Each structure stands twice: as structure tokens, then as C-alpha cells.
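J.: In order, the protein sequences belong to chains E and H.
Under our numbering, think of the first position of the first sequence as 1, with each following residue one higher.
Under our numbering, think of the first position of the second sequence as 1, with each following residue one higher.
Yeah, the Cβ is synthetic: ideal placement off N, Cα and C, and Gly gets one too.
Just so we're clear, the structure is a prediction, and the values are computed from it rather than from any experiment.
I'd like to ask some things about the structure below.
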Amino acid sequence: MLQYIVRRILIAIPVLFGVTVLNFFIINLAPGNPVDMMVNPSATPEQLAMQKHELGLDQPVWAQYWHWLTQLFQGNLGFSYSTREPVTQILVAHIGPTLLLMGVSLIVGYLIAIPLGIICARKQNSWIDYLVTGFSFFGISVPHFFLGLGVIYVFASKLLLFPTGSMNTLGGDGGLIDTISHLVLPVAVLATGIAGNMVRYVRSSMLDVLGKDYLRTAKAKGLSQFIVTNKHALRNSLIPIITVIGIDIPMLIGGAIVTEQVFQWPGLGLLTIQSITSRDYSTLMAINLLAAVTVLFANLLTDILYAVADPRIRYD
Amino acid sequence: MGELLKVDRMKTEFQTEKGPVTSVDEVSFDLKEGETICLVGESGCGKSVTSLSIMHLLDRNGSITHGSVLFEGKDLAHASEAAMRKIRGNDISMIFQEPMTSLNPVLTIGDQLTEGIRLHMKYSKSEARKYAIEMLKKVGIPRAEGIVDEYPHKLSGGMRQRVMIAMALSCRPKLLIADEPTTALDVTIQAQILKLMKELREESNTAIILITHDLGVVAEMADKVAVMYAGQVVEETDVYTLFDNPKHPYTLGLMKSIPHITNPDDMRLDSIPGSVPSVFNMPKGCRFYDRCPFAMERCQNEKPELKSIEDKQPHSIRCFLYEKEEQDYEQKHAEKEVSS
């Protein structure tokens with residue numbers, strides 16, 4: 001197992017390297033460049049050229065990449081072209097809100113989806129099954145920006161129950177209650193999508209397992225239906241659930257771009273949009289790198305969890 | 001030996017989209033403590049449904065609709081789920097046909113064994129574990145201390161069936177229902193498992209309902225036999241009488257289809273022509289009518305009842321051919337009752 005993990009981590013290195021190459025060149029292919037966004041529109045071409053030279057943007061792309069890469073190995077992600085702050089500092093400032101938002105959304109989504117999925121499978125083709133399946137279809141299909149604007153209209157601007165956006169009240173002293181009230185709407189939007197997706201996997205995976213012989217054995221032992229379903233059956237339907245969790249984890253970093261934008265949540269999603277519009281290459285590269293690391297980590301974690309959930313899976 | 005189980009004209013129906021379907025109809029047999037009864041019959045004749053009905057382990061849409069199942073005087077046919085939970089695994093336990101799929105693949109053997117032990121015998125975790133190891137040794141599993149922490153996929157089919165037997169017998173049930181326990185195993189393992197069941201039966205005086213379609217297994221294990229056809233018991237008697245003096249045309253057909261070691265090499269085995277009638281289209285009269293070599297006209301329209309005849313042991317048959325014997329028996333017993 002340990003050997004397997006080490007091997008997977010070693011394979012991750014060339015993958016990450018490839019990701020940086022692709023990222024760097026694709027970003028550089030995009031029209032426009034940081035200088036256009038930085039300087040005063042009345043600047044002369046000479047001033048622009050000087051600015052470009054200063055930032056090293058007049059060098060060939062591969063040289064720029066090499067420079068970026070060597071700095072990366074020294075732990076330096078560069079400076080933001082737009083705010084002139086170190087990128088590391090910007091990332092650290094934005095990662096907390098995103099982890100909070102997405103972490104809470106994933107937990108809420110799963111806490112809703114897993115029990116509902118189990119109930120649907122146990123009562124297949126009942127009204128509750130149809131109702132939940134219908135809602136899950138809704139959760140998957142409705143775009144986040146639409147649902148986000150919808151809940152802002154109803155709950156924030158009409159009913160005045162929750163703030164329309166941001167993470168803390170401006171000028172307020174923050175505090176837990178304040179943050180929670182700001183979390184409710186974006187979490188509701190994100191959790192709807194997450195739960196809608198998960199509930200289908202839990203349902204179908206439980207349906208698969210519920211007809212198995214070993215559940216009859218468990219029942220024949222005199223165990224209650226609750227234990228039969230939630231211990232014997234659920235443990236056997238974990239593999240698809242873990243797969244979905246593995247796909248969801250990278251969303252912790254980059255999944256909420258649209259929702260963060262709608263709710264002006266000061267997280268990585270908002271930062272991504274801002275970096276794109278301001279052609280802030282160095283920040284964008286850093287976000288992409290972080291996302292790539294998260295995906296690779298989530299894949300590894302998924303594979304390890306498979307082996308934990310199902311003893312028949314062993315990696316040696 | 002007291003009466004343990006009395007199944008009387010049990011009928012099991014499944015609610016389907018096409019309306020109710022009767023899978024088992026008029027199954028009657030009884031069983032004393034420590035006795036073994038074999039339910040014999042071809043696939044689809046309702047052997048398994050009978051046993052699952054007794055245990056209330058049918059799917060949601062199946063249930064006993066008529067008749068009674070008296071277990072130690074209590075009628076299980078109308079028992080609540082809570083009452084059944086106390087009986088399952090404790091007073092009545094069950095082993096199944098497919099050892100490869102009957103154990104939960106993600107729980108250790110020990111987990112699965114101790115669950116029932118802790119539930120019914122109220123043992124602590126460590127006591128239950130010790131007892132589980134003891135049970136594994138009893139059913140002949142080598143290295144029981146190691147196996148208890150293994151997962152089922154590390155064991156062969158025969159070993160898994162031993163684990164199932166250990167699990168079923170751990171709470172010292174009064175009745176063990178074994179649904180084709182050896183069908184999925186190869187012949188040498190079959191013999192081992194049957195031998196093990198016999199030994200454990202003698203040791204614990206457990207009554208057994210053994211479901212099989214293998215008359216060899218019947219001869220090996222049974223005290224009594226109930227032959228089933230299309231959801232009914234068609235003949236019931238003790239094992240010696242059945243093999244010496246089979247009466248019902250279906251039983252006769254089964255007997256003739258057993259290969260014999262003295263048969264010449266090129267002899268074709270007898271078979272019963274035709275197939276079992278569909279549950280959606282049960283004949284009005286005798287259900288064996290289509291395939292019976294002795295069918296009479298009345299068999300098509302009249303339904304024969306399971307009735308006793310005079311023999312060395314109690315022997316009952318569902319066939320008009322023996323109407324005369326049945327009437328004699330009734331008369332004799334009626335006279336006996338009058339005189340006593």
C-alpha cells in the first residue's frame with residue numbers, strides 16, 4: 001500500500017509538469033496582455049514597450065516559462081500584475097473563504113443526499129422516490145447563476161432574510177453569526193447541485209446492493225432493517241459514493257467560480273474571474289497549479305479510500 | 001420428542017402488477033425436535049419460497065395469505081416483524097444455497113459471526129469473539145483464530161458454507177432451515193458438509209428442514225420427506241417408506257430418473273415429459289395432470305387432497321389413484337376413535 005502511494009506521488013510529478021506547460025502556453029495564446037490592462041490608456045507605445053521589458057514580457061514564451069518554473073522551485077509564485085502583491089499572499093487570503101464555502105456546501109449536500117438516496121432505494125417507485133428523483137433532476141439541471149440570482153431575489157431582496165452577498169457585513173465586526181448568515185444562500189445553491197448529483201449515485205448503488213444474498217443472510221440473523229440497510233448494505237454501496245466524492249473534492253478549490261461571482265464571495269473563484277479579466281497571468285497560473293495539485297490529490301485519496309471501503313481491492 | 005413445527009395448508013402469494021400470484025399453495029408438514037425433513041422437488045416448485053415464508057424473508061410483495069405455521073405453539077404466519085426478529089437467527093436459523101454470495105464481502109468473518117451472537121446471546125464483544133472462534137473450530141475451519149479476522153473472499157466455497165453453518169448454529173437454534181446447502185459445491189465438499197451437518201445435528205438435537213432436489217442427499221440425511229410439485233406437497237412420509245414404496249406418480253417419476261450404478265452404460269435415463277405449469281396458469285384439477293402417465297378424466301377437473309393411507313409409517317398422498325386406500329384409512333381411524 002505504502003509503495004503504491006509513493007509510486008502514485010512520483011507519477012504525479014511529470015503530470016504536474018505537463019499541466020504547467022499546457023497552462024502557461026494556453027494562457028499566453030490568449031489575446032491581450034497584462035500591460036494593456038495596467039497602464040493608462042494615454043500611454044505611448046514607447047512607454048508600453050518599456051513596461052513590457054521591465055516585466056520580461058518581451059522575451060520568448062519558452063524563456064518566460066523557464067523563468068517562471070525556476071522561480072516556482074524556489075517557492076516563488078511571482079507578483080500579481082494587477083495588484084503588485086506577491087501571488088502567494090493573494091492565494092492565502094482567498095483560499096480560506098473558498099474552503100469554508102465549499103466545505104460547508106459539500107457536507108450539507110452529502111448530509112441531505114446520502115439519507116435521501118438510501119430512502120429512495122428502500123422505497124423504490126414510491127411517491128417519495130419520485131419526489132426526490134425530481135428534485136435531484138432540478139438540482140443538476142438548474143444553472144448556479146440562475147438559482148443564485150433567484151434566491152437572492154426572493155430571500156435577500158424581497159424577504160430581507162439574508163444578505164445579498166460577500167462574506168461579512170461591510171463595516172461590521174464580523175463574527176460567526178454574521179458569517180453564517182452570509183453563508184446560507186450560496187451554500188443552499190451549491191448544496192442543491194451537489195446533493196442532486198450525489199442522491200442519484202447513492203440511490204442506484206443502494207438499489208444494486210439491496211437485492212444481494214448477503215442482505216438476506218443478515219436479516220436471517222435477526223438484525224433490524226436499520227442495521228441491515230445502514231451497516232450491511234451501505235458499506236457495500238460506498239464505491240460509487242467515494243468516486244463522486246473524489247470528483248467533488250477539487251471543487252473545494254475551483255468549483256464555485258460562478259457562485260462566488262454571483263454572491264461576491266471573496267474566494268478563489270472570484271479571484272479567478274478577476275485574474276482573467278485583468279490578464280493577471282501569474283495569479284492565474286498559480287490558481288491552475290493549485291487546482292491541478294488538488295485533482296491529483298483527490299484521485300489518490302479516492303484510490304486509497306476504495307481499498308479501505310472494499311477489502312477485495314488491494315494495490316500490491 | 002415434542003412437536004416443534006407444524007405447517008398447515010400454508011399459502012404464499014406475491015402481489016404483482018398482473019395481480020396476485022400464488023407461489024406456494026397447500027403446503028403441510030410437521031416436524032419434531034431433532035428430526036430432519038427434506039423438501040424435494042424440481043426447480044420452481046416452491047421449496048425455497050416455503051422456507052422463506054416460514055422465516056418471513058420474502059420480498060416486500062410476498063406474504064403468507066392462508067394457513068398457519070405453528071412453531072412451538074406460536075403462529076408465525078401472523079407474527080409481527082419485531083417478534084420474527086427475535087426468532088430469526090435465534091430459534092430458527094437458515095443457510096443458503098450460494099455460499100459465494102451469502103456472506104457480506106466487506107465485513108470480516110468475525111464481524112458477521114459475532115453480530116448474531118451479541119444480539120441474541122447478549123455476549124460482550126470479547127466473549128462473542130472467543131465464542132465465534134470456538135464455533136469456527138467446531139465446523140472444521142483450520143486456523144480459526146486467523147480466519148476470524150479475514151474477509152470472505154479469502155475463503156473457498158466449502159469454507160464459506162462452513163462459516164454459514166457456524167453462523168446459523170451459533171445461537172443454538174431449535175430449527176435449522178438449509179436451502180440447498182450443497183448444490184453449489186463440488187461432490188467431495190458436499191459429502192463433507194453433509195457429514196458436518198449430521199454431526200452437529202446429533203450434538204445439538206437441532207431439527208432441520210433440508211431443501212434439495214438431490215434424492216441422494218435425501219437418502220443420506222432425511223428422517224421424513226415431503227415431495228413438492230407446483231407449490232403443493234404431493235406426498236409425505238418417512239424416508240424408508242418413500243424409497244421402498246413411493247406412491248404418487250410424480251414421486252415414481254423422480255425415482256425412475258435417478259441414475260443407478262447397475263444400469264447398463266447405454267441405457268437412457270427415464271425423464272418426466274413436459275414441464276411444470278406456470279403460476280399464472282395453474283390447472284384447475286390435479287397440477288400433475290398434463291405429465292401424469294396414469295391421468296384419468298376426473299384428474300383434469302377435480303382437485304385431489306393430501307390424504308393419509310395405511311402403511312408401515314404415516315404416509316399421505318395427493319392423488320385419486322389411492323382413493324380406495326385413503327377411504328379405508330379414514331374408515332379405520334374413524335372406527336378407532338369411536339371404539340376409544
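Kindly list the residues whose CB is nearer than 6 angstroms to the CB of valine 244 of chain E, restricted to its own chain and excluding five residues on each side of it in sequence; keep chain order.
T.: One-based indexing of the first sequence puts residue 244 of chain E at position 244. Correct list, in chain order: Met198, Tyr201.
J.: Expressed to the nearest angstrom, what Euclidean distance is found between the alpha-carbon atoms of leucine 119 of chain H and glutamine 161 of chain H?
T.: As a position in the second sequence, residue 119 of chain H is number 119, starting the count at 1. As a position in the second sequence, residue 161 of chain H is number 161, starting the count at 1. Cα-Cα distance, rounded: 22 angstroms.
J.: Let's see if you can read the secondary structure: which residues bound the alpha helix (DSSP H) around isoleucine 107 of chain E?
T.: Taking the first sequence and counting its residues from 1, one reaches residue 107 of chain E at position 107. Isoleucine 107 of chain E -> alpha helix (DSSP H) spans 87-122.
J.: Who are the neighbours of lysine 86 of chain H on chain E, taking C-beta pairs under 9 angstroms?
T.: On the second sequence, residue 86 of chain H is found 86 positions in, with the first residue counted as 1. Chain E residues near lysine 86 of chain H: Gly222.
J.: Give a yes or no on whether the C-beta atoms belonging to glycine 89 of chain H and glycine 222 of chain E are separated by under 7 angstroms.
T.: Position 89 of the second sequence, counted from the first residue, corresponds to residue 89 of chain H. Position 222 of the first sequence, counted from the first residue, corresponds to residue 222 of chain E. In contact: glycine 89 of chain H and glycine 222 of chain E (Cβ atoms closer than 7 angstroms).
J.: Please decide whether leucine 103 of chain H counts as near chain E, where near means a Cβ-Cβ distance under 7 angstroms.
T.: In the second sequence, the residue the question calls residue 103 of chain H occupies position 103. Interface residue, yes.
J.: Could you tell me which residues DSSP puts in a beta bridge with threonine 237 of chain H?
T.: What you label residue 237 of chain H is simply residue 237 of the second sequence in a count that begins at 1. Beta-bridge pairing links threonine 237 of chain H to H/Val225, H/His315.
J.: DSSP on methionine 94 of chain H, reduced to helix/strand/coil?
T.: Position 94 of the second sequence, counted from the start, is the residue given in the question as residue 94 of chain H. Of the three classes helix, strand and coil, the one that applies to methionine 94 of chain H here is strand, per DSSP.
J.: Which residues in chain H sit within 7 angstroms of arginine 8 of chain E, going by Cβ to Cβ distance?
T.: Position 8 of the first sequence, counted from the first residue, corresponds to residue 8 of chain E. Chain H residues near arginine 8 of chain E: none, gap ~23 angstroms exceeds 7 angstroms.
J.: What ranges does the beta strand (DSSP E) occupy inside the stretch 232-289 of chain H, keeping only unbroken runs of at least 3 residues that lie completely in it?
T.: Runs found: 232-238.
J.: Does the distance from the C-beta atom of proline 152 of chain H to that of leucine 103 of chain H stay below 7 angstroms?
T.: The sequence position of residue 152 of chain H within the second sequence is 152, counting from 1. The sequence position of residue 103 of chain H within the second sequence is 103, counting from 1. Closer than 7 angstroms, so yes.
J.: Mind pulling the chain H residues with CB within less than 8 angstroms of asparagine 236 of chain E?
T.: Along the first sequence, read from residue 1 onward, the residue named residue 236 of chain E stands at position 236. Near asparagine 236 of chain E (Cβ distances below 8 angstroms), the residues of chain H are Asn104, Pro105, Val106.
J.: Since proline 97 of chain E and methionine 167 of chain E should fall inside the 8 angstroms C-beta cutoff, what is the C-beta to C-beta distance between them, to a whole number of angstroms?
T.: Counting from 1 along the first sequence, the entry for residue 97 of chain E is found at position 97. Counting from 1 along the first sequence, the entry for residue 167 of chain E is found at position 167. So it is a contact: roughly 5 angstroms between Cβ atoms.
J.: Just to confirm the assignment: which complete alpha helix (DSSP H) runs, minimum length 4, are found wholly within the stretch 139-176 of chain E?
T.: List check, alpha helix (DSSP H) in window: 144-151.
J.: Which residues in the same chain as histidine 248 of chain H place their Cβ atom closer than 6 angstroms to its Cβ, once the five residues preceding and following it in sequence are excluded?
T.: For this step, residue 248 of chain H is matched to residue 248 along the second sequence. Cβ within range, chain order: Val234, Glu235, Ile317, Cys319.
J.: Can you list, in chain order, the residues of its chain with a C-beta nearer than 8 angstroms to that of isoleucine 309 of chain H? Leave out the 5 residues immediately preceding and following it.
T.: As a position in the second sequence, residue 309 of chain H is number 309, starting the count at 1. Answer for isoleucine 309 of chain H: Lys247, His315, Ser316, Ile317, Tyr322, Glu325, Glu326, Asp328, Tyr329, listed in chain order.
J.: Looking at the structure shown, is valine 184 of chain E part of a helix, part of a strand, or coil, going by DSSP?
T.: Within the first sequence, residue 184 of chain E is the residue found at index 184, counting from 1. If DSSP states are grouped into helix, strand and coil, valine 184 of chain E belongs with the helices.
J.: Taking DSSP as the reference, what is the three-state secondary structure of histidine 66 of chain H?
T.: Against the second sequence, residue 66 of chain H aligns to sequence position 66. Histidine 66 of chain H: strand per DSSP, three-state reduction.
J.: So for phenylalanine 294 of chain H, helix, strand or coil by DSSP?
T.: Walking along the second sequence from the start, residue 294 of chain H turns up at place 294. Phenylalanine 294 of chain H: coil per DSSP, three-state reduction.
J.: CA-CA distance, tyrosine 65 of chain E and isoleucine 152 of chain E?
T.: Taking the first residue of the first sequence as 1, we reach residue 65 of chain E at position 65. Taking the first residue of the first sequence as 1, we reach residue 152 of chain E at position 152. Using only the alpha carbons, I get a separation of about 42 angstroms.
J.: Can you find the residues in the same chain that come closer than 6 angstroms, C-beta to C-beta, to lysine 130 of chain H, ignoring five residues on each side of it along the sequence?
T.: Here residue 130 of chain H refers to the residue found at position 130 when the second sequence is read from its first residue. So the list is empty, once near-sequence residues are dropped.
J.: Between the stretch 291-298 of chain E and the stretch 181-191 of chain E, can you find at least three pairs of beta-carbon atoms closer than 8 angstroms?
T.: Touching, no.
J.: Thinking C-alpha only, which one of H/Met135, H/Asp25, H/Thr16 is nearest glutamate 305 of chain H?
T.: Numbered from 1 along the second sequence, position 305 holds the residue referred to as residue 305 of chain H. Among H/Met135, H/Asp25, H/Thr16, the Cα nearest to that of glutamate 305 of chain H is on H/Asp25.
J.: Chain H partners of lysine 212 of chain E, CB-CB under 8 angstroms?
T.: Indexing the first sequence from 1 puts residue 212 of chain E at position 212. Residues of chain H passing the Cβ test: Thr101.
J.: Is any beta-carbon of chain H found at less than 7 angstroms from that of threonine 20 of chain E?
T.: Walking along the first sequence from the start, residue 20 of chain E turns up at place 20. Not closer than 7 angstroms to any Cβ of chain H, the Cβ of threonine 20 of chain E fails to qualify, so no.
J.: Among H/Ala166, H/Pro20, H/Gly34, which has the Cα closest to the Cα of glutamate 115 of chain H?
T.: For this step, residue 115 of chain H is matched to residue 115 along the second sequence. Closest option to glutamate 115 of chain H, Cα to Cα, is H/Ala166.
J.: Since glutamine 15 of chain H sits in a beta bridge, which residues does DSSP pair it with?
T.: Residue mapping note: residue 15 of chain H aligns to position 15 of the second sequence, counting from 1. In DSSP, glutamine 15 of chain H forms a bridge with H/Pro20.
J.: Could you name the residues of the same chain whose beta carbon sits closer than 6 angstroms to that of glutamine 190 of chain H, not counting the 5 residues immediately before and after it, in chain order?
T.: The residue given as residue 190 of chain H occupies position 190 in the second sequence. Hits under 6 angstroms: Thr182.
J.: Check whether the Cβ atoms of alanine 286 of chain E and leucine 91 of chain E sit closer than 7 angstroms, and answer yes or no.
T.: As a working note, residue 286 of chain E is residue 286 in the first sequence. As a working note, residue 91 of chain E is residue 91 in the first sequence. Contact flag set, yes.
J.: Do leucine 268 of chain E and histidine 94 of chain E have their beta-carbon atoms positioned less than 7 angstroms apart in this structure?
T.: As a first step, residue 94 of chain E is located in the first sequence; it is residue number 94 there, counting from the start. As a first step, residue 268 of chain E is located in the first sequence; it is residue number 268 there, counting from the start. Cβ atoms of histidine 94 of chain E and leucine 268 of chain E: closer than 7 angstroms.
J.: Between E/Phe24, E/Met1, E/Lys52, which lies nearest to aspartate 36 of chain E when the distance is taken from Cα to Cα?
T.: Taking the first residue of the first sequence as position 1, residue 36 of chain E is located at position 36. Cα-wise, what sits closest to aspartate 36 of chain E is E/Lys52.
J.: Could you tell me whether the Cβ atoms of alanine 233 of chain E and leucine 210 of chain E are closer together than 7 angstroms?
T.: By 1-based counting over the first sequence, the position of residue 233 of chain E is 233. By 1-based counting over the first sequence, the position of residue 210 of chain E is 210. Yes, the pair counts as a contact, with Cβ atoms nearer than the cut-off.
J.: May I ask you to verify whether the stretch 43-56 of chain H touches the stretch 64-79 of chain H, counting CB pairs closer than 8 angstroms and requiring at least 3?
T.: They touch, by the three-pair rule.
J.: Starting from tyrosine 250 of chain H, find everything on chain E with Cβ-Cβ shorter than 8 angstroms and list it in chain order.
T.: Looking up residue 250 of chain H in the second sequence gives position 250. Within 8 angstroms Cβ-Cβ: nothing; tyrosine 250 of chain H doesn't reach chain E, min ~29 angstroms.
J.: Distance cutoff 7 angstroms, beta carbons only. Does arginine 312 of chain E sit that close to anything in chain H?
T.: Within the first sequence, residue 312 of chain E is the residue found at index 312, counting from 1. Yes, its Cβ sits closer than 7 angstroms to a Cβ of chain H.
J.: Could you check which residue in H/Tyr240, H/Val163, H/Cys171 has the C-alpha nearest to that of aspartate 311 of chain H?
T.: Counting from 1 along the second sequence, the entry for residue 311 of chain H is found at position 311. Ranking the options by Cα distance to aspartate 311 of chain H, first place goes to H/Tyr240.
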